[in-house]
Structures are given as C-alpha cells and as structure tokens.
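Residue numbers (our numbering): 122 to 613.
1) Near residue 274, which residues of its chain fall below 6 Å by C-beta distance, leaving aside the five closest residues on each side in sequence?
2) Strictly by DSSP, which residues pair up with residue 167?
3) Quick one: is residue 115 buried, meaning 16 or more other Cβ sit within 10 Å of its Cβ, or exposed?
4) Can you list, in chain order, the residues of its chain whose CB lies under 6 Å from that of residue 268, leaving out five sequence neighbours each side?
5) By how many angstroms is the C-alpha of residue 406 removed from the C-alpha of residue 379?
6) Tell me the rounded alpha-carbon separation between residue 376 and residue 370.
7) Just how far apart, CA to CA, sit residue 458 and residue 232?
8) Scan the stretch 422-454 and note each continuous alpha helix (DSSP H) run of 4 residues or more that stays entirely inside, going in chain order.
9) Cα separation between residue 537 and residue 561?
10) By the 10 Å Cβ neighbour count, where 16 or more other Cβ atoms means buried, how is residue 431 classified, buried or exposed?
11) Within its chain, find whatever has a CB closer than 7 Å to the CB of residue 508; leave out the 5 residues flanking it on each side and keep chain order.
12) Nearest CA to the CA of residue 542: which residue from 600, 224, 348?
13) Ends of the alpha helix (DSSP H) at residue 361?
14) Would you mind working out which of 388, 453, 352 sits nearest residue 428, comparing C-alpha positions?
15) What are the boundary residues of the beta strand (DSSP E) that residue 324 is part of?
16) Can you pull the DSSP bridge partners for residue 202?
17) Can you list, in chain order, the residues of its chain whose CB lies under 7 Å from that of residue 306, leaving out five sequence neighbours each side?
18) Quick one, which of 264, 550, 498, 539 has its alpha-carbon nearest residue 194's?
19) Distance, Cα to Cα, residue 354 vs residue 146?
20) How should residue 318 be labelled, buried or exposed, when 16 other C-beta atoms within 10 angstroms of its C-beta is the threshold for buried?
21) Tell me whether the stretch 245-257 and the stretch 168-183 touch, counting them as touching only if at least three CB pairs, one residue from each stretch, are closer than 8 Å.
22) Does the contact criterion of 3 or more C-beta pairs under 8 Å hold for the stretch 182-193 versus the stretch 310-328?
23) Specify whether the stretch 388-404 and the stretch 287-303 touch according to this definition: at least 3 beta carbon pairs, one from each stretch, less than 8 Å apart.
24) Taking only the alpha-carbon atoms, compute the straight-line gap between residue 206 and residue 227 and give it to the nearest angstrom.
25) Per the DSSP calculation, residue 458 is bridged to which residue(s)?
Have a look at this one:
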C-alpha cells in the first residue's frame, strides 16, 4: 500500500444544549426534546495533487452565507487546505435548528409592506429560553469550521472501494389529476387522480473507506430522498440518517463514520402517495389531512418514528450487504480531479399577470376580517409575497450564479448543485455520465430552492410555483448540459 491516498473523517454534534426553532415548515415550531442528535460529518481527501472535503450536515439547507463564513474561518486557521474546495451539504431534515439566512428575495419583507400586522421574523417570535436564529448561525459556523478542520488534520493513508445497492426509500410526492393540475401531497384517493408526476430512484451509490489494515472506517451513501420521515414533529432529529448510523455502528464499531448525501430529490419523499398510511398523531399541515383515509397494509407511517426506523433499517442493511463486494476491489491510488465552476442560470421570470394576481390576493387577504394566520394562511401568503419579491428582483437581474463542483475520484464522479433538484434532472445526468457511478449531491454550497421540471411548472403547486425557487426548467436544462459536459471532459 502506498501513501498517495489520504482520507480523514470527523463528526461533531450540531445539537445545542437549549431549545431551538425547527426549520422546514411554514408553521413555526420549537423543539420540545431531542430524539436523536443532529450532527455534521466531514470527509477530507487528498490524492494525486488534488483535494476535496465534503461535509454532510443534518440541516434543512446550507446557505451561501454559512458556506462562505465557514470558508473564511478555515482560510485563517488551516493553511494547506483549499477552502474553495470545501463542500457543505444538507440532508434536508426538517427537524434541525433554525438559523439566520439572509435573502435578497424576501417574501417576509413584502408581507411587512402589505399587512398591518405582518408575521414577525423568527428572532422576534422566539421565547427567551430558545436559541435565536442569529445565535444558531454563529454556533453552526464554529461547529462546521471545527469538523472540517479536524477531518483535514485526521488524514491518514487509506483505501477506497465503491459499491451499488438498492433500498426503497424515496418516492414521488407530486400527484397529477385529470385536469392536468398537480399538487405536492395531493390526495390520490379520488376519481380525478391520474398518476404521480415523476418516478423514483431506489439506487444507492456507495463509497467505503478502509484503513491500512483494510478495516472499514467510513461509508458515503448517496440516496435520492430527503431525510424527512418525522418532518412535522416537535423534536430535534437526524431522521433516518441517525437510524442508519446506529445500525451500522452496531455491526462495524462505534468509530465508523457515515456521510449521508442527498441526491436529486426535489420531488421525492419517504411517503407512498398511493398506499397512503395516516400519521400516528395529527400533524400541523393541511396538505396532509385526508377526509376518508383507508387502513392500508403497507409501510409504517413515514410521518413518524416507525417509518424513520424502517427507512434506516433498509439503508443500513443494504450498506452492509454490499460491503464485501466493495472490499474485494479496493484502490489506494485513485485519480482525483476537482473542478469548481460558477454557473450563470437564467432566472424564471414572473409575468405581469402573475404579479397582479399575487398583489390582488394579498390585498384581498388584508381586507379579510377573520384572518386566522394559521398554517394555511401563512403558506398561501408567503407564496403570493414570494411571487411579488421575485417580480421586483427580476427588474435588475437576468441571471443567478450557482456554485457547482465536479469531482472525479477513481472511476466515479461527484456532482453538486445548490437546489432541491427534481429527480428527472438527476436521472438525465446519471444516464449521460461517462463515470462508472455518478454521485449527485443537492443542496450543496448554497440553498437556492426548488428546481422543477417543465411538466411540474405546468402542473403548478408548491415546489413548482415561481416563488418556490429562483430558476426553472430552462435553468435545469442548462445545469444538466453543463454537468454532463464537465463530467465527461474528465474522462477524455
């Protein structure tokens, strides 16, 4: 074994010692307990003169501001690390801490102009014993800087093996009806249900890291599903990734590191929309309510801990099943080439008619005598306000910059993007990639909202609204072309 490949790992808890706001839903939530700790796990790699660090965070997203502040701190403290090649990405759990996220396109700012009593921002509405979003941002900067630095300093000679597995976890959550309209979480138990808008990908791209004694020390698993089995609950949780770690460490030792990466999954979730299983207890989301639920023989509720355990069991079992195969073909001298690009994508433009419709909707709501300000009202008004904010933004902006990373590592490739990228785009990239395996990592180096397909834009509803993201199918097509071209250039 030579010393060309050096790999280091580190894990750190992101769980504060006080209550936190929980990010990911329109309704405000404050943690009541900790179900499983939320963590960040970093893997640092150097080989053949190049490097990368990828850090998986149990967060709803990694804002550009958070990414850049961590890089700024690293530049001051770690001399031989290229901070521009540090990738922070999110598992997209909805049960992790709410932190301050600046945005030039703010629906809240629009609501403050229209409503006499606009909703307060998160910091204003927090009880005194709850960590504020600004404090959470500073907390995360310190923790993420530390875990990346530790992983870098922990690099040792290592070997890598790759594998592929299957586990049914992610499923399409957008329902299409006979009139062509679509809805996230739409009710399929009605005569107008026609089909699910997208497919699903049960494949798991796997990377195993071994020490110089060929013992597994780390696993990277890339799954096309956000970590959202308990997304409405009032506790801190790493969701199914916490279950995966517990099960793998039970078999392979407590020192095993697990880097969970979310593939293109903007239209995916753990819930089977056809074999609908009711939540075990009510959730604060009107889109989840079913008027005539039927008891199904299917998976346990994927809104509850039983579903989280089932998803984690499936993933962990497959990772263990593939381990021996990957160990049989390990390498200690892999090719490593890391390219970083800022891609300019066209913004999805709001028409004057769409702007006027949103403005009138806000004005009508402002004049309603019995405004409830509940989840439904909050979600609806943020959609309209977001449309107005986007309309104002496009007066001075045609393009939106996004950071992407393309990493050839042996015969596999890692390709990142900052979106909740719809599965079709991920499939297009994987099908046209010249790599033996393609790891797609969404919500990396930024958090730029949904990137829907053309058919999703036609169907409408949340995740395909203009206010749900910054670019649309034209940007998605350009992202695919750029990613495929950049990947395949590394194989020439």
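All C-beta atoms in this analysis are idealised placements derived from N, C-alpha and C, irrespective of residue type, glycine included.
Based on what the coordinates show:
1) Hits under 6 Å: none found.
2) Here residue 167 is bridged, per DSSP, to 127, 172.
3) There is no way to answer for residue 115, as the model of the chain reaches only from 122 to 613.
4) For residue 268, where only same-chain residues beyond five positions count, the Cβ hits under 6 Å are 131, 133, 161, 163.
5) The alpha-carbon atoms of residue 379 and residue 406 are separated by roughly 32 Å.
6) Rounded to whole angstroms, residue 376 to residue 370 spans 7 Å at the Cα level.
7) Whole-angstrom Cα-Cα distance: 46 Å.
8) List check, alpha helix (DSSP H) in window: 426-448.
9) Their backbone Cα atoms lie some 6 Å apart in a straight line.
10) Buried is the call here.
11) Hits under 7 Å: 471, 475, 476, 479, 587, 588.
12) Comparing C-alpha distances from residue 542 to each of 600, 224, 348 shows the shortest one belongs to 600.
13) Element bounds for residue 361: 361-373.
14) Ranked by how close their Cα comes to the Cα of residue 428, the residues 388, 453, 352 have 352 in first place.
15) That run of the beta strand (DSSP E) goes 324-331.
16) In the DSSP output, where bridge partners are listed per residue, residue 202 has none listed.
17) Closer than 7 Å at the Cβ level, and outside the excluded window around residue 306, lie 294, 408, 409.
18) Of the candidates 264, 550, 498, 539, 264 places its Cα closest to the Cα of residue 194.
19) The C-alpha of residue 354 lies about 10 Å from the C-alpha of residue 146.
20) That one is buried.
21) Touching, no.
22) Segments in contact, no.
23) Yes, the stretch 388-404 touches the stretch 287-303.
24) Roughly 29 Å between the two C-alpha positions.
25) For residue 458, the pairing in a beta bridge is given by DSSP as 529.
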